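S.K.: Using this note's numbering, the first residue of the sequence shown is number 166, and each one after it goes up by one. To start, I am sharing the structure in question, which I have written as structure tokens.
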Amino acid sequence: MVKEILNFEGIKVVVIGDVMLDRYLRGSVERISPEAPVPVLEKATYENCLGGAANVALNIKSLGAEPFLFGVIGNEEDGEILKSCLKLQHIKSDYLIKDVSRVTTVKTRIIADKQHLLRVDKEDRHDIIGTVEDQCIAALEQLLLAEQIDIAIFQDYNKGFLKNTFIQRVRALFSGKKIPYIVDPKKENFWEYQNAEIFKPNLKEVKEALGETGQGLKEYLQWASKEIKNRLKVQKVIITLASDGIYSDSDEGCQILPTKEIKVRDVCGAGDAVISILALSEALKLSIPQMMKLSNLAGGIVCEKNGVAPVTITELNEENSSLE
């Protein structure tokens, strides 16, 4: 297992996916509305955070590596707010393309005294148009000429950015430059990511893509991962299992690594931390057991935080050292 201090500095990662703002409206509730039997939120304050693929980029940055974020935003105030949030974290927004046909995805969580009351989503989910796709491809081509990229991440939330033709064109660019890529998929384009280095769905996404068979968990995972590897020609399948841990199928065998017991405050963002760790671990050529251990630790660290927050390299090293 990993014994030395982890260091991801110098690793350059392309993150391609659906960017969004996670907005928190926090306040207190002391009375019920006379207009309807609903709580009245008072003393409310707003906080804007990076979400979706932007949060993956933030995790990459917080772990000491360098992210290059590709996505689309709307031509409105929320798009500018998202860019400002990236700037505060010292993440470039050069490769975010404005799409006048859509709004920036915003997830607003309404929280009263640490109690999550409601989430309001503002988004468009139609596929990006051809001209926007061409702009993104041109920007990616420029980046690949200018930088030596170590690994790439497809972070799909089914918001319309990662449509099949775009995925195919990006894969072709990565193939030409021999850049390995890993995938956090969703149902819509689950089968579009041939030849990925790592394919990382969660169990729900696997069942949506393949259906259920009535088998026990271990047997089902072995069957499902074999199906995925055969159909996508991927090297490694890693399936997150929420509180049951993480499963892997690779040349190093099949195994389930259970999670350690933690006090879960918020599961939002755990998957973003896991895919970030997998990408950086793959760039360092760590073994599957090492990847799984670090991914479990990262996901657990995030789940112990309130709201969507990244894992830092300091937190990961401290947690890793405590298990040695």
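Glycine residues also receive a C-beta, built at the ideal position from the N, C-alpha and C atoms. Model, not experiment: these values are computed from the prediction.
Between which two residues does the beta strand (DSSP E) containing Pro-204 stretch?
M.R.: The sequence position of residue 204 within the sequence shown is 39, counting from 1. That run of the beta strand (DSSP E) goes 204–217.
S.K.: Note the first and the last residue of the continuous beta strand (DSSP E) segment covering Arg-290.
M.R.: Along the sequence shown, one-based indexing puts residue 290 at 125. Run containing Arg-290: none; DSSP gives neither H nor E here.
S.K.: Is DSSP giving Arg-267 helix, strand or coil here?
M.R.: Here residue 267 is taken as the residue at index 102 of the sequence shown, counted from 1. Arg-267: coil per DSSP, three-state reduction.
S.K.: Classify Val-285: buried if its beta carbon has 16 or more other beta carbons within 10 angstroms, exposed otherwise.
M.R.: Taking the first residue of the sequence shown as position 1, residue 285 is located at position 120. Under this definition Val-285 is an exposed residue.
S.K.: Just to confirm the assignment: which complete alpha helix (DSSP H) runs, minimum length 4, are found wholly within the stretch 232–287?
M.R.: The stretch 232–287 contains these whole alpha helix (DSSP H) runs: 242–253.
S.K.: Verify whether the separation of the beta carbon atoms of Leu-283 and Leu-186 is less than 9 Å.
M.R.: Numbered from its first residue, the sequence shown carries residue 283 at position 118. Numbered from its first residue, the sequence shown carries residue 186 at position 21. No, these two residues do not count as a Cβ contact at 9 Å.
S.K.: What residue does the alpha helix (DSSP H) around Lys-394 start on, and which one ends it?
M.R.: For the purposes of this step, residue 394 is identified with residue 229 of the sequence shown, where counting begins at 1. Lys-394 -> alpha helix (DSSP H) spans 382–397.
S.K.: Whose C-alpha, out of Ser-441, Ala-463, Ile-421, is nearest the C-alpha of Pro-454?
M.R.: The residue given as residue 454 occupies position 289 in the sequence shown. The residue with the shortest Cα to Cα distance from Pro-454 is Ile-421.
S.K.: Apart from the five residues on each side of it in sequence, which residues of its chain come closer than 7 Å, Cβ to Cβ, to Lys-324?
M.R.: By one-based count along the sequence shown, residue 324 stands at place 159. Same-chain partners within the cutoff: Asp-183, Thr-270, Glu-288, Arg-290.
S.K.: Is the CB-CB distance between Ile-293 and Asp-264 below 9 Å?
M.R.: The residue given as residue 293 occupies position 128 in the sequence shown. The residue given as residue 264 occupies position 99 in the sequence shown. Yes. Within cutoff.
S.K.: Is it true that the CB of Asn-395 sits closer than 9 Å to the CB of Glu-357?
M.R.: Residue 357 sits at position 192 when you count from the first residue of the sequence shown. Residue 395 sits at position 230 when you count from the first residue of the sequence shown. Going by C-beta atoms, Glu-357 is not nearer than 9 Å to Asn-395.
S.K.: My guess is that Ser-460 and Ile-393 are in contact by the Cβ rule of under 8 Å, so how many angstroms apart are they, rounded?
M.R.: The residue given as residue 460 occupies position 295 in the sequence shown. The residue given as residue 393 occupies position 228 in the sequence shown. That belief does not hold up - the Cβ atoms of Ser-460 and Ile-393 are roughly 18 Å apart, past 8 Å.
S.K.: Measuring CB atoms only, is the stretch 347–366 touching the stretch 439–457, in the sense that at least three cross pairs come out at less than 8 Å?
M.R.: Verdict: yes, contact present.
S.K.: Let me check one thing: in DSSP terms, what residues is Glu-296 bridge-paired to?
M.R.: Here the question's residue 296 lines up with position 131 in the sequence shown. A small fix is needed here, since residue 296 is Thr in this sequence, not Glu. According to DSSP, Thr-296 bridges with nothing at all.
S.K.: What would DSSP say about Asn-367, mapped onto helix, strand or coil?
M.R.: Counting from 1 along the sequence shown, the entry for residue 367 is found at position 202. Three-state DSSP puts Asn-367 in a strand.
S.K.: With a threshold of 16 other CB atoms inside 10 Å of the CB of Arg-274, please say whether the residue is buried or exposed.
M.R.: Residue numbering aside, residue 274 sits at position 109 when the sequence shown is read from its first letter. Arg-274 should be labelled buried.
S.K.: Out of Gln-254, Glu-469, Leu-206, which one is the CA nearest neighbour of Asn-220?
M.R.: Within the sequence shown, numbered from 1, the residue matching residue 220 stands at position 55. For the residues Gln-254, Glu-469, Leu-206, the minimum Cα distance to Asn-220 belongs to Gln-254.
S.K.: Does the distance from the CB of Glu-362 to the CB of Ile-316 come in under 9 Å?
M.R.: The count along the sequence shown starts at 1 and reaches residue 362 at position 197. The count along the sequence shown starts at 1 and reaches residue 316 at position 151. In contact: Glu-362 and Ile-316 (Cβ atoms closer than 9 Å).
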